[in-house]
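Following the working numbering from start to finish, the sequence shown increments by one per residue and tops out at 240. Where a beta carbon is used, it is the ideal one built from N, C-alpha and C, also for glycine. Notes follow the structure.
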Amino acid sequence: MKISKTLLFYLFLLLPTSLLAIDSFTTVLIDPGHGGIDNGGSSGRKAPHYLMEKELTLDIARRLANELRKMGFRVIMTRTDDRFVDLDERVRIANGLGKRAILVSIHCDSLSNRKLRGIKTYFWHANSYGLATRIQRSLVKMTGAKDLGVIRRRLRLTRNPTIPSVLCECGFMTNPFENKLLASPSYRQTLAIALAQGINEEKRLGDFGISPVPEIWAPLSRPTDAHRHVYHKKTKKRKQLKKIEALLGTKSFHS
Ligand SMILES: [Zn+2]
-14 MKISKTLLFY LFLLLPTSLL AIDSFTTVLI DPGHGGIDNG GSSGRKAPHY LMEKELTLDI
46 ARRLANELRK MGFRVIMTRT DDRFVDLDER VRIANGLGKR AILVSIHCDS LSNRKLRGIK
106 TYFWHANSYG LATRIQRSLV KMTGAKDLGV IRRRLRLTRN PTIPSVLCEC GFMTNPFENK
166 LLASPSYRQT LAIALAQGIN EEKRLGDFGI SPVPEIWAPL SRPTDAHRHV YHKKTKKRKQ
226 LKKIEALLGT KSFHS
């Protein structure tokens, strides 16, 4: 006898939630992108509202925390105020939470091309694809934003945590239309509700109905922050330049 996929799906929905939730997650680690000395991106002065990514991500994260707590989740945040938290520290917090947790990192985009707009969700591991898909679908459905899709990308926060991890880019601060939306508290509330509903759907249904993606092996992402890397390179260059200056007896304009 051949049972249709749709029938199986509806039978699945009839199962009591307590049965479905046995292996599901109970803790959500919310990661508001950037903070402290790291402002993240910004809208630039030409935009209708001057917005800083680190402030938007914290506001959306706080709203999301409220929504998730109402749904009964245990919520932890990597930062609750304007402070710098190293990416590796964020990964360390995620990896200390045990199996029944997920990580949702919140960001906003900024680009010099002000026409670009839309929402996208990044993931890396196969175990995060269902979560990324449900969150992305929910965000697009509730906001009506342009769907930039679910994208597989090896970022420190999608690759290095051992728990399912996704990173959401909730719109472009540099696009005049999305800039006005992101500046509005009610829109940020809508984003938070959409994120919470996507997360809750993944808890209820797991990856059921989500097409599988293969696991791709890759080494851990670089364990130092990019800006430090650049700093070291610059310092090295400056030292080399000073050596040359000392040899030639000249002084550079770049000191
Ligand atoms: Zn960011």
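Taking I61 as reference, the option from L96, R48 and V13 with the minimal CA-CA separation is V13. In this chain, V70 is not harboured by any beta strand (DSSP E), its DSSP state being neither H nor E. With fewer than 16 other Cβ atoms inside 10 Å of its own Cβ, L205 counts as exposed. Shown in chain order are the residues whose CB sits closer than 5 Å to a heavy atom of ligand 1: G18, G25 and H92. DSSP, reduced to helix, strand and coil, places D66 outside both helices and strands of the structure shown, so it counts as coil. In this model, M37 and V76 are separated by some 23 Å (Cα to Cα). Looking at the DSSP output, I91 sits in a beta bridge with P17 and C153.
A direct Cα-Cα distance of roughly 21 Å separates H110 from A181. By alpha-carbon distance to F69, the top candidate from I120, L88, F58 and D23 is D23. Going by DSSP, I45 is part of the alpha helix (DSSP H) stretching over E38 to K55. Taking 9 Å as the cut-off, the beta carbon of F108 is found no closer than this to the beta carbon of I78. If only complete runs of 4 or more residues are kept, the region 172 to 207 shows no alpha helix (DSSP H) anywhere. Under the 8 Å Cβ criterion, the region 166 to 182 counts as touching the region 42 to 52, having at least three qualifying pairs. Judged by DSSP secondary structure, G115 falls within the alpha helix (DSSP H) whose first and last residues are Y114 to T128.
Under the 8 Å Cβ criterion, the region 157 to 164 does not count as touching the region 111 to 122, having fewer than three qualifying pairs.
Counting along the chain, no beta strand (DSSP E) covers T11, and no H or E run does either.
Excluding its 5 nearest sequence neighbours in each direction, E200 has C-beta neighbours in its own chain below 6 Å: A111, listed in chain order.
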